[in-house]
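Q:
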Ligand SMILES: NC(=O)c1ccc[n+]([C@@H]2O[C@H](COP(=O)([O-])OP(=O)(O)OC[C@H]3O[C@@H](n4cnc5c(N)ncnc54)[C@H](OP(=O)(O)O)[C@@H]3O)[C@@H](O)[C@H]2O)c1
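Residue numbers (the working numbering): 147 to 413.
(1) Return yes when the C-beta of residue 175 is under 8 Å from any heavy atom of ligand 1, and no when it is not.
(2) Is it buried or exposed for residue 163, if we count other Cβ within 10 angstroms and need 16 for buried?
(3) Report buried or exposed for residue 379, applying the criterion of at least 16 other Cβ atoms within 10 angstroms of its Cβ.
(4) For residue 229 and residue 267, what's the separation of their Cα atoms in angstroms?
(5) Extract the residue ranges of the alpha helix (DSSP H) inside the segment 371-403, only unbroken runs of 4 or more that lie entirely within it.
(6) Please determine, among 147, 158, 149 and 148, the residue with the shortest C-alpha to C-alpha distance to residue 327.
(7) Residue 314 to residue 409, Cα distance in whole Å?
(8) Assign residue 160 to one of two classes, buried (16 or more other C-beta atoms within 10 Å of its C-beta) or exposed (fewer than that).
(9) Looking only at its own chain, which residues have a Cβ that is under 7 Å from the Cβ of residue 322, when we skip the five neighbours before and after it?
(10) Alpha carbons only, please: which of 275, 411 and 258 is nearest the one belonging to residue 292?
(11) Between residue 239 and ligand 1, is there a pair consisting of the residue's CB and a ligand heavy atom that are separated by less than 8 Å?
(12) Determine the extent of the alpha helix (DSSP H) in which residue 246 is found, giving its start and end residues.
(13) On the CB-based measure, 16 or more other CB atoms within 10 Å of its CB, does residue 216 come out buried or exposed?
(14) Just to confirm the assignment: which complete alpha helix (DSSP H) runs, minimum length 4, are found wholly within the segment 157-207?
(15) Could you check where the alpha helix (DSSP H) with residue 226 kicks off and where it finishes?
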């Protein structure tokens, strides 16, 4: 039986590579994106390699758009085996500088839209008695991803009994356009209090991004995880992520805090 996958945010980076990897591994893949003007690149690769991949419009923040996309898939294929919740974006700024509206906008995409997609796909997976929900988190555990980790862990207790796996992927720094697309809190642009710290962090992270892990590696980890009979709760990707987690495990909270401050703030 043909297995069906859907990926959010397939226009670039991790979503782009994951969509292609799923199609190359035999899944009929719906590569979804909010702006269909960006479909040419993935469509070109899919045509060249004769892949079973279809581009669908999906803005995960938009209820109607999500409903249309899932209805289309169910009408066309009648099943969904893999949902990769990948769409997301970053926001520079300290907790004091990020306005509540800015926080909410980010949580809308990075967290609530994941809930939306899961609520739309879970009934089909439950009826099938199988499925994999893959949530792209981050080793950095920024607040919206922290929420996503909690949601994913709870879901494993709820959906596991129906044969539906929930998998968290924690990438380190990945070389995509993510850092160029990041927004900056309005107040951080003009505010003096945290200007130096914000600038240092932005410069440091952008330098790390230049040497980041290729998004293909994230896609490969996702493929490996869904091939497992019993996938683990979380998989990390990248040497930096492994080192980060090792440091966290080996150090006390205070030691880890000092280590990270040095990494982030030193010249
Ligand atoms: N790069 C890293 O170092 C890194 C590390 C850890 C975790 N991650 C996570 O990995 C995921 C993918 O990021 P990436 O690195 O591949 O960056 P990316 O190249 O910027 O890709 C982000 C994707 O999300 C899409 N997107 C954003 N808002 C959307 C919305 N409302 N509806 C539909 N699609 C939307 C973007 O679409 P547009 O092209 O239309 O903007 C784009 O396709 C994100 O969740 C990110 O937090 C990235």
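Note that CB positions come from ideal geometry on N, CA and C, so glycine has one too. Since this is a predicted model, take the numbers as computed values, not measurements.
A: Short version:
(1) no
(2) buried
(3) exposed
(4) 8 Å
(5) 385-396
(6) 158
(7) 26 Å
(8) buried
(9) 158, 159, 160 and 361
(10) 258
(11) no
(12) 246-253
(13) buried
(14) 159-170 and 186-194
(15) Looking at the DSSP string, residue 226 is not in any alpha helix (DSSP H), and its letter there is neither H nor E.
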